[in-house]
Amino acid sequence: MTHPTLLLLSGSLRKGSYNRMLLAQAAEAFGPADVIEGDLDLPLYNGDLEEAEGVPEKVQALVAQIKDADAVVVGSPEYNKGITGVLKNALDWISRVPGWPLKDKPTVVVSASAGRTGGETAQFMALSCLTQHQARLIPGTAVLIAGAMNAFDEDGKLKDETSQKLLAERMEKLRAEVI
Ligand SMILES: Cc1cc2nc3c(=O)[nH]c(=O)nc-3n(C[C@H](O)[C@H](O)[C@H](O)COP(=O)(O)O)c2cc1C
């Protein structure tokens, strides 16, 4: 496939999010693709809401994006040693749509965090949750960007060459899964 569709899912909704910067870098490293960003700004999962109104349109739109995507990259920040409520909530909603939309979808998780571990614990949790979704997790050296507030230049590019290389290798592997 020469022009795959790459879906980016950020666990942070912040405009200036480092994880969104990292996802942008990941998309660049992935190479030619239709790049789309999923909107994870969803209502909180509530069984009563689901019963009364069904799965919200925004969730259905997200699921449609997942189904259309050839590959997915998740940017997982770390909040209190876990994934963000935003990401967990999105994964919970997605699981309410029959058929496990992420099933067998080539997927990579990357993380940027303020702390020294680069969000390693959260990334591990994200991988665990995605296993429940049966996503096809592409293995490789973890992309963990520590001290995120100093890790990107003014254009939002990763400063550290080793991190750039790791991300490039991982995206190459992801692309190889869809071509
Ligand atoms: C509620 C909260 C909890 C956080 N917990 C952690 C943490 O456990 N580990 C860590 O490295 N950074 C933690 N941080 C700092 C985040 O890494 C930092 O805010 C980062 O910029 C979030 O990602 P973003 O830039 O993509 O929004 C926390 C931030 C918030 C707001």
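Going by the numbering used here, the sequence shown opens with residue 3, and the numbers climb by one from there. Backbone N, C-alpha and C define an ideal beta-carbon position, used for all residues, glycine too. Small disclaimer: the values here were computed from a predicted structure and weren't measured.
For the beta strand (DSSP E) holding residue i, just list the boundary residues, first then last.
| i | result |
| --- | --- |
| S113 | P108 to A114 |
| T183 | The requested residue 183 does not occur in the structure, where the chain is confined to residues 3 to 181. |
| A73 | A73 to G77 |
| D36 | D36 to E39 |
For ligand 1, is there any heavy atom lying closer than 6 Å to the beta carbon of residue i?
| i | result |
| --- | --- |
| A116 | yes |
| N21 | yes |
| E53 | no |
| A150 | yes |
| S97 | no |
| N48 | no |
| N82 | yes |
| R138 | no |
| S14 | yes |
| P79 | yes |
Classify residue i as helix, strand or coil using the three-state DSSP reduction.
| i | result |
| --- | --- |
| A144 | coil |
| K50 | For the record, residue 50 in the displayed sequence is Asp; it is not Lys. Correct three-state label for D50: helix. |
| L168 | helix |
| R177 | helix |
| V61 | helix |
| A137 | coil |
| L160 | strand |
Compute the beta-carbon to beta-carbon distance between residue i and residue j, rounded to the nearest angstrom, for a pair I have assumed lies under 8 Å.
| i | j | result |
| --- | --- | --- |
| K83 | T133 | Actually they do not touch by this definition, with Cβ atoms about 19 Å apart. |
| N152 | G77 | In fact, because the Cβ distance is near 18 Å, the residues do not count as touching under 8 Å. |
| L176 | P108 | 6 Å |
| G40 | L9 | 6 Å |
Looking only at C-alpha atoms, which of the options sits nearest to residue i?
| i | options | result |
| --- | --- | --- |
| T86 | A26, P6 and Q125 | Q125 |
| V180 | I96, D72, L10 and V145 | D72 |
| R118 | A148, A137 and A178 | A148 |
| A29 | V75, D70 and P58 | V75 |
| E53 | L169, A153, E156 and W95 | W95 |
| P185 | A144, R172, G120 and L8 | Coverage of the chain is limited to positions 3 through 181, which leaves residue 185 absent and any answer about it impossible. |
Could you spell out the range, first to last residue, of the alpha helix (DSSP H) harbouring residue i?
| i | result |
| --- | --- |
| I96 | G87 to I96 |
| A31 | Y20 to F32 |
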